[in-house]
Each structure stands twice: as C-alpha cells, then as structure tokens.
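This report refers to the structure that appears directly beneath it.
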C-alpha cells in the first residue's frame, strides 16, 4: 500500500475509529490518544496489507488491541496506586523515625533505578513493577525474550551493587 493510499485510509476511517474508542473509554482525551496510537501502528504495518484486504476490519482489530492494552495498563496503575495508598496508610501511624527511614530507603532505591541504562531500567520496571513476562517485555523493548531476561538480571545486579549493604524497608 502506497503512502497516498494510507492517507486515504486514515481520512476514510479516522472518525469511525475515534467514535469506537470514545464509546469504549468514555473519555475524549483517551479516545484521541488511542486513535492516534491505532493509526501509528497501522502506519507501521500498512505495507503488509494486501489491496483486497478489509482495511476497515483491520483497523478495528488494531483499535481493539490498543484499547485492551490501555485497559490492562489502567488496571495495573490502579493496583499500584492502591498498593501505594496501603503502604502509606501503614506508615501513617508509624513512628516518625520509621517513616523517615522508609522514605530515605525508597529515595535511595528510586535513584539507583533511575541511574540504570534505559533498556535495563525499562525491563526492570516492566518485570518487577508491572509483573510482565519476558516475552511481553521483549516485544515492548524490541528484543528477544533472552535479552529481556538479561536486561532484568543486569539491572538487579547493578541495583544490589549500588545499594551495597543498605537495607530496604520491610516488604519492599
């Protein structure tokens, strides 16, 4: 499919895809972002679309997958926020010294993770924070599952060395 044909495809179906995503998310800003992501993914793959293929169905399949990924990410974010609120609630009644130690250790860990090389930081975060499997991490980073596993391993190794005997708060 040539670029002009892709532009025509976007012009013909953007409104319909946007409305579909708006109904799915009930938020105009999210629908707009997801529609953009849908057409970005379609652009990356449009060369593989045969001239006789049902482009409309293809775009809806991409939009559906983008929406599913969005909802999964939202669910993970909600769980993470709930866990943080529970942790903060648990430390609310704690002694000020314990809370200070917790915050210092947390800041130390955050700084160590932020200093990791980008691929290791992303792989570590996807694995340990978002609990994704290595295949999903590999797809996200554009590498093999073995490379994703190596990135996580190297990140953990660097984190351990950087913390060098510093204790983390319980349950961290």
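Residue numbers (my numbering): 600 to 771. All C-beta atoms, glycine included, are put in the ideal place defined by N, C-alpha and C. Note that the structure is predicted; figures quoted are calculated from it, not measured.
Residue 680 carries a helical assignment under DSSP once its states are collapsed to helix, strand and coil. A direct Cα-to-Cα measurement between residue 727 and residue 668 gives close to 18 Å. Taken atom to atom, the span from the alpha-carbon of residue 722 to that of residue 605 is near 33 Å.
Assigned with DSSP and collapsed to three states, residue 651 falls in coil, not helix or strand.
Put simply, the backbone Cα of residue 725 is about 11 Å away from that of residue 750. In this structure, residue 633 places its C-beta atom within 9 Å of the C-beta atom of residue 620.
Non-local C-beta neighbours of residue 640 in its own chain, meaning closer than 6 Å and more than five positions away in sequence, comprise 661, ordered along the chain.
Across the structure, residue 654 and residue 760 are spaced so that their CA atoms are roughly 52 Å apart. When DSSP assignments are scanned along the region 619-666, the uninterrupted stretches of alpha helix (DSSP H) that are 4 or more residues long and fall wholly within it turn out to be 627-644. Only buried fits residue 665, as 16 or more other CB atoms lie within 10 angstroms of its CB. Residue 649 is classed as exposed because its beta carbon has fewer than 16 other beta carbons within 10 Å across all chains shown.
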